[in-house]
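Chemist:
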Amino acid sequence: MTPHLNAPSPSVTTTANKRQWLYPRVVKGRYYRWRTGVAWIFLAMLFAGPFLSYKGQPLFLFNILERKFNFFGVTFWPQDFYLVAIGLLVFIVFVALFTVIYGRVFCGWICPQTVFLEMVFRKIEIWIEGDYNARRRLDASPWTTEKIWKKSLKYSIFFLISFLIANTFLAYIIGKDALLTVITDNPANHLVGLTTILLFTGVFYTVFAYVREIVCTTICPYGRLQSVLLDKQSVIVTYDDVRGEPRGKLVKNEELKVKNKELVVNDYSSVFIPHSSLNKKGDCIDCKLCVQVCPTGIDIRNGNQMECVSCTQCIDACDDIMDKIGRPRGLIRHDSLEGIQTRKPWRLTGRMIGYSVVLVLLMGVLGFLLWSRSDLDTTLLRAPGQLYQREKGGLVSNLYLIELVNKTHQVKPVTFRVDYPGATLRMVQPITKAPADELTKGMFFILLPEKSIRESSTKLTVQVVSEGVVLDQVKTTFLGPVQ
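Numbering (our numbering), first residue to last: 107 to 589.
Written out as structure tokens, the structure is:
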């Protein structure tokens, strides 16, 4: 089947050289009820996320300014970038695997764009302006008192919700305490924070009030990526053209003639007869309800299309029609293109197994690295531009800069020692403790007896000790004169 992406639909207002504004109809079937439940859970988690904490630390925090990130109460610093990189790689492979098997389900069920648009903003729009026909008539009507009132109320609520979303997203970046300070303190003291909130609000308002489905059909790269990832074995929302074609309007008491005999079916009985054995029409009665409910304005009967977000509204609409005309459900359903054509059940393919193996291996590597991650990360550098210095008692010294990152939520007392015969350590900028979830800087000299130096660059190991336990150790070099 060849997609026809430009075909006009009843849910679209077509104007020459202008955008086609969509007025999708809502059919509250089983999938819609399930999506609503998933959406409420998602929204509750999203708005509660920045305000939840674990052992005094936010459960989620993406503090880009301080380069500090919290996932489930575990703090990650720039020194843990390799973990973030592997985590992103795991996520990308997971998305690829999920798309290969189940298509664009993420977009229709838990993508924030779809959840907010369909389950929040669209519901408010319907509540204020009415169903799809009422909304179309209102937009086409002149500016009366009723239209001004309804539009003003709708867009005011849209702005307030966008403002709430902007504050929530900012709380994920700067933390709930900093956000509360921005909101309650003198605005003149937090111009950057308030400007950021207003910018976020403007972006969200524009997306959900005007841009809408264009995010899914044009802007979002994932929609275009799926055309590369999907194959004939991928489970997608698809129309059964074998059963549905040739489509035609339903006529009461129509006779369905079969080869060698005649069978009369009144109002379409529940007995399914493949259209290939009939001389007349398939199960699709061309009611176009599947087009009217589509939030991206496509006709699912034209085949697999990039704009489909797997929201399942067309399934609910078609199942409702099939129930009314006495035909089996599933004319539009979750299935693979291969399953539609061959009637074979879904099965795992080599590509799916390959992706799964790679995903499991990456998750194993990530899990091991997280488990073996040290509580303290140490960076030790010789002071730039400094060579060795001779001191009293036949000693040679080098100056070092040290940084400690305490990744735990507890203060740790620390001391330092050098694992080398005859080496001593003299603090210049002492560090006696590593504060919780902070970076600490210090400075010290390492001294070696000149007679023990055998080469110009001597390898040393500096250990960071807390209460008798070596938390971390780092290797460095010591410059000195060669005897």
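Cβ coordinates follow ideal geometry from the N, Cα and C atoms, glycine included.
This one's a predicted model, so the numbers in the text were calculated from it and none came from an experiment.
1) How would you write the range of the alpha helix (DSSP H) that threonine 583 sits in, first residue to last?
2) Asparagine 169 bridges to which residues according to DSSP?
3) Check the DSSP bridge columns for methionine 533 and list the partner residues they point to.
4) Considering just the uninterrupted stretch of the alpha helix (DSSP H) at threonine 290, what are its terminal residues?
5) Quick check on DSSP: helix, strand or coil for serine 503?
6) Pull up the DSSP beta-bridge partners for proline 555, would you.
7) When DSSP labels each residue in this structure, what does glutamate 252 get in the three-state scheme?
8) Curious, which full-length beta strand (DSSP E) runs of at least 3 residues does the segment 155 to 241 contain?
9) Looking at C-alpha atoms only, which residue of Asp405, Cys326 and Phe314 is the closest neighbour of methionine 225?
10) To the nearest angstrom, how far is the alpha carbon of lysine 338 from that of serine 442?
11) How long is the line joining the alpha carbons of threonine 592 and leucine 285, rounded to whole angstroms?
12) Between Gly329, Thr546 and Lys450, which lies nearest to phenylalanine 212 when the distance is taken from Cα to Cα?
13) Specify, as a first and last residue, the run of the beta strand (DSSP E) that valine 570 falls within.
14) Contact between the segment 196 to 209 and the segment 288 to 306 is defined here as three or more beta-carbon pairs at a separation below 8 Å; is this criterion met?
15) Below 8 Å on the Cβ atoms is my contact criterion, and I expect phenylalanine 175 with leucine 167 to pass it. Report the Cβ-Cβ distance as a whole number of Å.
16) Distance check for leucine 545 and threonine 455, CA to CA, integer angstroms please.
17) May I have the straight-line CA-CA distance separating threonine 324 from methionine 412, to the nearest angstrom?
18) So if DSSP puts proline 519 in a beta bridge, which residue, or which two residues, is it bridged to?
19) Kindly indicate which three-state DSSP category arginine 71 falls into: helix, strand or coil?
20) When the Cα atoms are used, what is the spatial distance from valine 317 to isoleucine 263?
21) If you measure between the beta carbons of glutamate 509 and threonine 530, is that distance less than 8 Å?
22) Which residues does DSSP list as the beta-bridge partners of threonine 344?
23) For arginine 560 and leucine 554, I'd like the C-alpha separation in whole angstroms.
24) Would you mind stating whether leucine 472 and glycine 135 have Cβ atoms separated by less than 8 Å?
25) Using a Cβ-Cβ cutoff of less than 6 Å, which residues in the same chain neighbour proline 587 once the five nearest sequence positions on both sides are dropped?
26) Among Pro527, Met458, Cys326 and Leu507, which has the Cα closest to the Cα of serine 558?
27) Quick one: grab the DSSP three-state call for isoleucine 508.
28) Can you give me the C-alpha to C-alpha distance between leucine 585 and leucine 189, rounded to a whole angstrom?
29) For tryptophan 127, does the three-state DSSP call read helix, strand or coil?
30) Might you give, ordered along the chain, the residues of its own chain that have their beta carbon closer than 6 Å to the beta carbon of glutamine 579, omitting 5 neighbours on each side?
31) Please name the residue, chosen from Ser159, Ala154, Leu171 and Ile170, that lies closest to valine 180 on a Cα-to-Cα basis.
32) Does the segment 500 to 520 come close enough to the segment 532 to 541 to have 3 or more Cβ pairs within less than 8 Å?
Modeler: The answer reads as follows:
1) Per DSSP, threonine 583 lies in no alpha helix (DSSP H) segment; the continuous beta strand (DSSP E) that holds it begins and ends at 575 to 585.
2) According to DSSP, which records beta bridges pairwise, asparagine 169 is partnered with Lys174.
3) In DSSP, methionine 533 forms a bridge with Phe550.
4) Where threonine 290 is concerned, the enclosing alpha helix (DSSP H) stretches over 282 to 290.
5) Correct three-state label for serine 503: strand.
6) In the DSSP secondary-structure assignment, proline 555 is bridged to Leu501.
7) DSSP places glutamate 252 in helix when its eight states are reduced to three.
8) Qualifying beta strand (DSSP E) stretches, in chain order: 166 to 169, 174 to 177 and 180 to 182.
9) Methionine 225 has its Cα closest to that of Phe314, out of Asp405, Cys326 and Phe314.
10) Roughly 6 Å separates the two Cα atoms.
11) Limits of the chain in this structure are 107 at one end and 589 at the other, which puts residue 592 out of reach.
12) When only C-alpha atoms are compared, the closest one is Gly329.
13) Boundaries of the beta strand (DSSP E) harbouring valine 570: 563 to 572, taken from the DSSP string.
14) Fewer than three beta-carbon pairs drawn from the segment 196 to 209 and the segment 288 to 306 are found closer than 8 Å, and the two stretches are therefore not classed as touching.
15) About 6 Å separates the beta carbons of phenylalanine 175 and leucine 167, which is inside the 8 Å limit, making them a contact pair.
16) Whole-angstrom Cα-Cα distance: 49 Å.
17) Pairing threonine 324 with methionine 412, the inter-Cα distance amounts to about 10 Å.
18) Its beta-bridge partners are Lys539.
19) This structure gives no information on residue 71, because the portion of the chain shown stretches from 107 to 589.
20) Near 17 Å, if we compare the C-alpha coordinates of isoleucine 263 and valine 317.
21) The answer is no: Cβ separation not under 8 Å.
22) Per DSSP, Arg439.
23) Rounded to the nearest whole angstrom, the CA to CA distance from arginine 560 to leucine 554 is 11 Å.
24) Not closer than 8 Å, so no.
25) Only residues of its own chain outside the window of five on either side were considered, and among them none has a CB closer than 6 Å to the CB of proline 587.
26) Comparing alpha carbon positions, the residue from Pro527, Met458, Cys326 and Leu507 closest to serine 558 is Pro527.
27) Isoleucine 508 sits in a strand when the DSSP states are folded into three classes.
28) Each residue's Cα considered, the two are about 34 Å apart.
29) In the structure shown, tryptophan 127 sits in a strand (DSSP, three-state: E or B).
30) The beta carbon of glutamine 579 sits closer than 6 Å to the beta carbons of Thr567 and Gln569 from its chain, once the five residues preceding and following it are set aside; these are given in chain order.
31) Comparing Cα positions, the closest option is Ser159.
32) Put simply, the segment 500 to 520 touches the segment 532 to 541. At least three CB pairs are less than 8 Å apart.
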